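Colleague: Handing you this structure, nothing more for now.
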Amino acid sequence: MDPGIALSLRDVRFRHRNAKGWALDDVSLQVRRGQFVSVLGANGAGKSTLCMLVNGLVPHTVPGDLEGVVEVFGADVAEDSVAKLSSRVGMVFQEPESQLFCMTVEEEVAFGPENLGVPADEIKGRVEWALELVGMAGYNDRSPFSLSGGQKQRVAIAAALSMRPDILVLDEPAYALDPIGRVELYKVLRELKEKHGMTVLLAERDAEEASLYSDHIVLMENGKVAAQGPPKEVLADPERLVSLGISPPQMSEVASLLRSRLRSPDIDFTRVEDAERTIIERVLPAGRGAAR
Amino acid sequence: MIPAADSRAADDKIISIHDLKFIYPGGVQALSGVSLDIRRGEYVAIVGGNGSGKTTLAKNIMGLLRPTSGTVLVNGTAVAGQRIASIAHIVGYAFQNPDHQLFCSTVWEEVRFGPQNLGYPADDMDARVEHALRSMDLMSVKARPPFSLTLSERRRVSIASVIAMDPEVLIFDEPTTGLDMRESEALMASIARLNSEGKTVILITHDMKLVAKHAKRVVVMSEGKVILDSDPAGVFSDLEVLLASKLMPPPVVRLAYRLSTRGVPRDVLSPEELVLRIMMARGDFR
Amino acid sequence: MTGFVDLYTEGDTVLHRMDPRVKIFAVLMLTLLILMISSLVHLLILLAFIALLVALGRAPFSKVSLALRFVLRVMIMIVILWPIFDPSGTPVLATLGPVRITEPGVMRGITNAVRICCLATVWYVLMFTTPQRDLVRALVKLGVRFDFGLTLSIALRFLPTFSATVESIKDAQRARGMEFDKGSPLRRSRNYISVLIPTIISALRTADTLSLALQSRAYGARRHRTYLRELKMRASDGVALAVVVAAFVMPAVAKFFLKVPV
Numbered sequence: 001m002d003p004g005i006a007l008s009l010r011d012v013r014f015r016h017r018n019a020k021g022w023a024l025d026d027v028s029l030q031v032r033r034g035q036f037v038s039v040l041g042a043n044g045a046g047k048s049t050l051c052m053l054v055n056g057l058v059p060h061t062v063p064g065d066l067e068g069v070v071e072v073f074g075a076d077v078a079e080d081s082v083a084k085l086s087s088r089v090g091m092v093f094q095e096p097e098s099q100l101f102c103m104t105v106e107e108e109v110a111f112g113p114e115n116l117g118v119p120a121d122e123i124k125g126r127v128e129w130a131l132e133l134v135g136m137a138g139y140n141d142r143s144p145f146s147l148s149g150g151q152k153q154r155v156a157i158a159a160a161l162s163m164r165p166d167i168l169v170l171d172e173p174a175y176a177l178d179p180i181g182r183v184e185l186y187k188v189l190r191e192l193k194e195k196h197g198m199t200v201l202l203a204e205r206d207a208e209e210a211s212l213y214s215d216h217i218v219l220m221e222n223g224k225v226a227a228q229g230p231p232k233e234v235l236a237d238p239e240r241l242v243s244l245g246i247s248p249p250q251m252s253e254v255a256s257l258l259r260s261r262l263r264s265p266d267i268d269f270t271r272v273e274d275a276e277r278t279i280i281e282r283v284l285p286a287g288r289g290a291a292r
Numbered sequence: 001m002i003p004a005a006d007s008r009a010a011d012d013k014i015i016s017i018h019d020l021k022f023i024y025p026g027g028v029q030a031l032s033g034v035s036l037d038i039r040r041g042e043y044v045a046i047v048g049g050n051g052s053g054k055t056t057l058a059k060n061i062m063g064l065l066r067p068t069s070g071t072v073l074v075n076g077t078a079v080a081g082q083r084i085a086s087i088a089h090i091v092g093y094a095f096q097n098p099d100h101q102l103f104c105s106t107v108w109e110e111v112r113f114g115p116q117n118l119g120y121p122a123d124d125m126d127a128r129v130e131h132a133l134r135s136m137d138l139m140s141v142k143a144r145p146p147f148s149l150t151l152s153e154r155r156r157v158s159i160a161s162v163i164a165m166d167p168e169v170l171i172f173d174e175p176t177t178g179l180d181m182r183e184s185e186a187l188m189a190s191i192a193r194l195n196s197e198g199k200t201v202i203l204i205t206h207d208m209k210l211v212a213k214h215a216k217r218v219v220v221m222s223e224g225k226v227i228l229d230s231d232p233a234g235v236f237s238d239l240e241v242l243l244a245s246k247l248m249p250p251p252v253v254r255l256a257y258r259l260s261t262r263g264v265p266r267d268v269l270s271p272e273e274l275v276l277r278i279m280m281a282r283g284d285f286r
Numbered sequence: 001m002t003g004f005v006d007l008y009t010e011g012d013t014v015l016h017r018m019d020p021r022v023k024i025f026a027v028l029m030l031t032l033l034i035l036m037i038s039s040l041v042h043l044l045i046l047l048a049f050i051a052l053l054v055a056l057g058r059a060p061f062s063k064v065s066l067a068l069r070f071v072l073r074v075m076i077m078i079v080i081l082w083p084i085f086d087p088s089g090t091p092v093l094a095t096l097g098p099v100r101i102t103e104p105g106v107m108r109g110i111t112n113a114v115r116i117c118c119l120a121t122v123w124y125v126l127m128f129t130t131p132q133r134d135l136v137r138a139l140v141k142l143g144v145r146f147d148f149g150l151t152l153s154i155a156l157r158f159l160p161t162f163s164a165t166v167e168s169i170k171d172a173q174r175a176r177g178m179e180f181d182k183g184s185p186l187r188r189s190r191n192y193i194s195v196l197i198p199t200i201i202s203a204l205r206t207a208d209t210l211s212l213a214l215q216s217r218a219y220g221a222r223r224h225r226t227y228l229r230e231l232k233m234r235a236s237d238g239v240a241l242a243v244v245v246a247a248f249v250m251p252a253v254a255k256f257f258l259k260v261p262v
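Protein chains in written order, with this note's numbering: chain A, 1 to 292; chain B, 1 to 286; chain C, 1 to 262.
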């Protein structure tokens, strides 16, 4: 086993109990330690099932037929209990409201390590560390109910981080957030990746943020992997994303349009700043009536 | 651009709000002096971050909340003295969470619930329900229990159940939450069709891509006030206002703003438009 | 937010600092005491003592009045109704048709009203000065299973959410022209079903996610879990405990062994 591989799915198929079709059909993918991998797909593409497979909720709690092999750091998911896997796999769900269940933010973040039998002193340190990391330091005694959607999701991330997981799995965490909540959330994910080298598996419907942060992107359709690879490759064809029901990143659309208009295949950017530079340096001066 | 204050005939205004203030029982001031007119047949997006007051405003139009001060006129009559059921003849409100509404054992019964409450005649009830189901593309699931449907279908059932009451004004509260691109585009197309058939549409949202694509008039709210009222291009060219109201303009708008110093006009709403403008600034379309 | 009020108010008084286990024990003892005492004078003395506790816990006036408004309504009802249904003894104060009002009946009515007031206030003091999480934690420490404590705390935590959901559902149905208090009984029951069913469905959907979230946070991973904040008895808690026991034992001995009327 390669210790650099955090998560490995080989020829995985899963069918929910009593369901006709396969929710996941012949899925193979790998997440390396420290990688940020995004799984993009329309509703019903199999994203949630895939996420729950990683911490064992599928098939242990959500029953059905599982074929193929799912390994988290070399351990077979099918053989471990969810509670055991949860110390290695941190999980964040869509709904901010129903995944927080404690009276205070502090209890929420302490809940996981308490269940794992971590000594009180260490839990205290972990709680402070996790809250700091998601920008919620000082909110210890607040009720999760009183927080904004973005704050709730950040507390949910902290509650997963305090278990010191090896991989963080997020199932459409921005699902119910307003634009500011979204920005707050992705800022935290970016820091986790850049400053802490966290291994992340993210499921999303919208490719906008995934295009900025991912090392590897998996496109899904009807339970199958439609394409996967580095963002540059996968996002190069916005039309393809649209055909899969995925909203493409606007900068990829602009880049793709400019490529075909100017017949220069090497125009490529995902960030607004890069787009600005490329257009000012390469596109605008090239014409006859360049701006003064 | 549509002027905010309208000088045309008064009966042209289906909704007229004057200096509306609303304070919740707990003491939170959600609206602090909103004045707004909406004309028959308009398509207005009300945007703003959470807590900006947009839902409180909509609930005041529906009569679910009563003004602390100021007036809300619907079709020329003050909402204040009316029963919600009589306002429901004119204003329909599709709530964000369809699960807060659906309770019948079939989609058909669900859609019939509203018009039945309003006492509409029984002889054209079937036609009414069928029309509503067709407009939301739901005929194929009419006999199914609403709970067994997907989120996108449940949302459409809840909208159909409002359409069946045949109100002139339709308020949609974050209708695309949780929907994927295809589902939200289909829904937005249905809403556009309702508007073209003469319905006045009020769309409450914080999805700025949606606003750029569909709205004809945008009302930006922040801290209980209307801070901007203009067409989408006008709103998006005012980046400061958007950021102040906790809204994130779409990337293409941010890029256009950065390129505006290089002779590219700012008023773009889509990647296609931006590229067109860039090509023009290049001089390719002289 | 409507419907649900958390009575707890933050503070740093003697009562706030007291171990919640001692507080729960004290409240149980006081409850027994209140039920045991039958003399109105003694009950009034006890009420004065409990009022002192309210002051000691610095409960804000707004919450006290909110709590008392409810108690007052119950007290008035008892004072009026008790003599009507308990006409034993003499002298008879008034006769209205078949209804006889006697002096002992009136006295018993007043006594029971004061007793109810004592009981309610004692429990209010506990809730004014103890966060819900500490109550739950104390119960678990006193031997209640953690699962049960967690269930209780989740129930308390979700009360405001639940109440907001019900309000939103009512609004959604009102917007569909439904009027709760109009129409035939059949129509009305249907109206209530239109709130009940979405409420149940929402609760079930929430419960579903909740159970996945609980498992994902290692719920049940080990037989023995640790606690970030352990409850610790301090010397002052011991003193409080001694006072409470003495306050209960003395009148009990007086009443049952010395046969002194209390």
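Glycine is no exception: its CB is placed at the ideal position from the N, C-alpha and C atoms.
All of these numbers come straight from a predicted model, not from anything done at the bench.
Do we get a CB-CB distance below 8 Å when we pair Arg-205 (chain A) with the residues of chain B?
Modeller: Working through the first sequence from its first residue, we reach residue 205 (chain A) at position 205. Interface flag for Arg-205 (chain A) against chain B is set, since a Cβ pair is found closer than 8 Å.
Colleague: Note down, in chain order, each residue of its chain lying with its Cβ closer than 8 Å to the Cβ of Ala-143 (chain B), except the 5 sequence neighbours on either side.
Modeller: As a working note, residue 143 (chain B) is residue 143 in the second sequence. Excluding its 5 nearest sequence neighbours in each direction, Ala-143 (chain B) has C-beta neighbours in its own chain below 8 Å: Thr-106, Val-107, Trp-108, listed in chain order.
Colleague: What do you get for Asn-18 (chain A), buried or exposed, if any count of 16 or more other CB atoms within 10 angstroms of its CB means buried?
Modeller: Here residue 18 (chain A) refers to the residue found at position 18 of the first sequence. Asn-18 (chain A) should be labelled exposed.
Colleague: Using 8 Å for Cβ pairs, my map puts Val-141 (chain B) next to Leu-151 (chain B). What's the rounded Cβ distance?
Modeller: Here residue 141 (chain B) corresponds to residue number 141 of the second sequence, with the count starting at 1. Here residue 151 (chain B) corresponds to residue number 151 of the second sequence, with the count starting at 1. Contact doesn't hold; Cβ gap of about 13 Å is too wide.
Colleague: Which residues does DSSP pair with Tyr-43 (chain B) in a beta bridge?
Modeller: Walking along the second sequence from the start, residue 43 (chain B) turns up at place 43. Paired residues: B:Val-201.
Colleague: Hey, which unbroken runs of the beta strand (DSSP E) at 3 residues or more fall wholly within the segment 183-226 of chain C?
Modeller: The qualifying runs do not exist here; there are none.
Colleague: At a Cβ threshold of 8 Å, is Gly-11 (chain C) touching chain A?
Modeller: Position 11 of the third sequence, counted from the start, is the residue given in the question as residue 11 (chain C). Cβ-Cβ to chain A under 8 Å: no for Gly-11 (chain C).
Colleague: Within 8 Å of any Cβ in chain A, is that where the Cβ of Gly-220 (chain C) sits?
Modeller: Locating residue 220 (chain C) in the third sequence gives position 220, counting from the first residue. Chain A contact via Cβ: present.
Colleague: Determine whether the beta carbon atoms of Ile-163 (chain B) and Ala-132 (chain B) lie at a separation below 8 Å.
Modeller: In the second sequence, the residue the question calls residue 163 (chain B) occupies position 163. In the second sequence, the residue the question calls residue 132 (chain B) occupies position 132. Yes, the pair counts as a contact, with Cβ atoms nearer than the cut-off.
Colleague: If you compare alpha carbons, which of C:Gly-109, C:Val-92, C:Glu-103, C:Gly-105 is closest to Val-79 (chain C)?
Modeller: Mapped onto the third sequence, residue 79 (chain C) falls at position 79. Of C:Gly-109, C:Val-92, C:Glu-103, C:Gly-105, the residue nearest in Cα terms is C:Gly-109.
Colleague: Who are the neighbours of Ser-86 (chain A) on chain C, taking C-beta pairs under 9 Å?
Modeller: Translated into the one-based positions of the first sequence, residue 86 (chain A) becomes position 86. Simply Gln-215, Ser-216, Arg-217, Ala-218, Tyr-219, Ala-221.
Colleague: Leaving out five residues before and five after Leu-139 (chain C) in sequence, what residues of the same chain have Cβ atoms less than 6 Å from its Cβ?
Modeller: On the third sequence, residue 139 (chain C) is found 139 positions in, with the first residue counted as 1. Here the set comprises Gly-149.
Colleague: Where Gln-30 (chain A) and Ala-6 (chain A) are concerned, what is the direct C-alpha to C-alpha distance, given to the nearest angstrom?
Modeller: Reading the first sequence from its first residue, position 30 is the one you call residue 30 (chain A). Reading the first sequence from its first residue, position 6 is the one you call residue 6 (chain A). Spanning the two alpha carbons is a distance of roughly 8 Å.
Colleague: Anything in chain C within Cβ reach of Thr-61 (chain A), meaning under 8 Å, just list it in chain order.
Modeller: For the purposes of this step, residue 61 (chain A) is identified with residue 61 of the first sequence, where counting begins at 1. Near Thr-61 (chain A) (Cβ distances below 8 Å), the residues of chain C are Ser-211, Leu-212, Gln-215.
Colleague: Give every residue of the same chain whose Cβ lies closer than 8 Å to the Cβ of Val-294 (chain A), excluding the five residues on either side of it in the sequence, and list them in chain order.
Modeller: Any property of residue 294 (chain A) remains undetermined from this structure, which presents chain A solely from 1 to 292.
Colleague: List the residues that DSSP assigns as beta-bridge partners of Thr-102 (chain C).
Modeller: Locating residue 102 (chain C) in the third sequence gives position 102, counting from the first residue. In the DSSP output, where bridge partners are listed per residue, Thr-102 (chain C) has C:Val-92.
Colleague: List the residues of chain A whose Cβ lies closer than 9 Å to the Cβ of Asn-60 (chain B), in chain order.
Modeller: Along the second sequence, read from residue 1 onward, the residue named residue 60 (chain B) stands at position 60. Those within 9 Å of Asn-60 (chain B) in chain A number zero; the least Cβ separation is about 21 Å.
Colleague: Where DSSP assigns a beta bridge to His-16 (chain A), which residues make up the other side?
Modeller: Translated into the one-based positions of the first sequence, residue 16 (chain A) becomes position 16. Within the DSSP bridge table, the entry for His-16 (chain A) names A:Gly-64 as partners.
Colleague: Under 8 Å, do Ile-169 (chain C) and Thr-199 (chain C) count as touching if we go by C-beta distance?
Modeller: As a working mapping, residue 169 (chain C) is identified with position 169 in the third sequence. As a working mapping, residue 199 (chain C) is identified with position 199 in the third sequence. Yes, Cβ-Cβ distance for Ile-169 (chain C) and Thr-199 (chain C) is below 8 Å.
Colleague: Can you tell which of C:Leu-66, C:Trp-123, C:Leu-135, C:Gln-215 has the C-alpha that lies nearest to the C-alpha of Ser-87 (chain A)?
Modeller: Here residue 87 (chain A) corresponds to residue number 87 of the first sequence, with the count starting at 1. Of C:Leu-66, C:Trp-123, C:Leu-135, C:Gln-215, the residue nearest in Cα terms is C:Gln-215.
Colleague: Against chain A, with Cβ distances strictly below 8 Å, would Val-219 (chain B) count as a contact?
Modeller: On the second sequence, residue 219 (chain B) is found 219 positions in, with the first residue counted as 1. Under the Cβ criterion of 8 Å, Val-219 (chain B) is not counted among the residues facing chain A.
Colleague: Excluding sequence positions up to five away, which residues of its chain have a Cβ less than 8 Å from the Cβ of Ile-227 (chain B)?
Modeller: Stepping through the second sequence from its first residue, residue 227 (chain B) is reached at position 227. Around Ile-227 (chain B): Val-220, Met-221, Val-241, Ala-244, Ser-245.
Colleague: So which residues of chain B does Ala-172 (chain C) contact, with C-beta pairs closer than 7 Å?
Modeller: By 1-based counting over the third sequence, the position of residue 172 (chain C) is 172. Phe-95, His-100, Gln-101, listed in chain order.
Colleague: Which runs of the alpha helix (DSSP H) fall wholly inside the segment 127-208 of chain B and span at least 4 residues, in chain order?
Modeller: Along the length of the segment 127-208 of chain B, whole alpha helix (DSSP H) runs at least 4 residues long occupy 151-163, 181-196, reported in chain order.
Colleague: Hey, could you find the ends of the alpha helix (DSSP H) Gln-228 (chain A) is sitting in?
Modeller: Against the first sequence, residue 228 (chain A) aligns to sequence position 228. In the DSSP annotation of this structure, Gln-228 (chain A) is not part of any alpha helix (DSSP H); the continuous beta strand (DSSP E) holding it starts and ends at 224-229.
Colleague: Tell me which residue opens and which closes the beta strand (DSSP E) that Ser-245 (chain B) is part of.
Modeller: Along the second sequence, read from residue 1 onward, the residue named residue 245 (chain B) stands at position 245. Element bounds for Ser-245 (chain B): n/a, residue is neither H nor E.
Colleague: Check whether the Cβ of Glu-209 (chain A) lies closer than 8 Å to any Cβ atom in chain B.
Modeller: Here residue 209 (chain A) is taken as the residue at index 209 of the first sequence, counted from 1. Not one chain B Cβ lies under 8 Å of Glu-209 (chain A).
Colleague: Label Thr-56 (chain B) either buried or exposed according to how many other C-beta atoms from any shown protein chain fall within 10 Å of its C-beta, with 16 as the threshold for buried.
Modeller: As a first step, residue 56 (chain B) is located in the second sequence; it is residue number 56 there, counting from the start. Result: buried.
Colleague: Anything in chain B within Cβ reach of Gly-177 (chain C), meaning under 7 Å, just list it in chain order.
Modeller: Residue numbering aside, residue 177 (chain C) sits at position 177 when the third sequence is read from its first letter. Correct list: Ala-85, Ala-88, Gly-114, Asn-117, Leu-118, Met-165.
Colleague: Could you please give the first and the last residue of the uninterrupted beta strand (DSSP E) stretch that includes Leu-18 (chain B)?
Modeller: Here the question's residue 18 (chain B) lines up with position 18 in the second sequence. Reading off the sequence shown, one finds His at residue 18 (chain B), where the question assumed Leu. Taken as a continuous stretch (DSSP letters only), the beta strand (DSSP E) holding His-18 (chain B) covers 13-23.
Colleague: Residues of chain B with a CB under 9 Å from the CB of Ser-194 (chain C): which are they?
Modeller: In the third sequence, residue 194 (chain C) corresponds to position 194, counting from 1. Residues of chain B passing the Cβ test: Gln-101, Phe-103, Cys-104, Phe-113.
Colleague: Report yes if the CB atom of Leu-43 (chain C) is closer than 8 Å to the CB atom of Ile-37 (chain C), and no otherwise.
Modeller: For the purposes of this step, residue 43 (chain C) is taken as residue 43 along the third sequence, with counting starting at 1. For the purposes of this step, residue 37 (chain C) is taken as residue 37 along the third sequence, with counting starting at 1. Cβ atoms of Leu-43 (chain C) and Ile-37 (chain C): closer than 8 Å.
Colleague: In the segment 181-265 of chain A, which residue ranges form an unbroken beta strand (DSSP E) of at least 3 residues, counting only runs that do not cross its ends?
Modeller: Qualifying beta strand (DSSP E) stretches, in chain order: 199-204, 216-221, 224-229.
Colleague: Flag Leu-53 (chain A) as yes if its beta-carbon sits less than 8 Å from any beta-carbon of chain B, otherwise no.
Modeller: Residue numbering aside, residue 53 (chain A) sits at position 53 when the first sequence is read from its first letter. By the rule that beta-carbons nearer than 8 Å mark a contact, Leu-53 (chain A) does not touch chain B.
Colleague: With distance defined between alpha-carbon atoms, name the residue in A:Val-82, A:Met-103, A:Glu-209, A:Lys-195 nearest to Leu-185 (chain A).
Modeller: Stepping through the first sequence from its first residue, residue 185 (chain A) is reached at position 185. Nearest C-alpha to Leu-185 (chain A): A:Glu-209.
Colleague: Kindly indicate which three-state DSSP category Gln-116 (chain B) falls into: helix, strand or coil?
Modeller: For this step, residue 116 (chain B) is matched to residue 116 along the second sequence. Helix, per DSSP.
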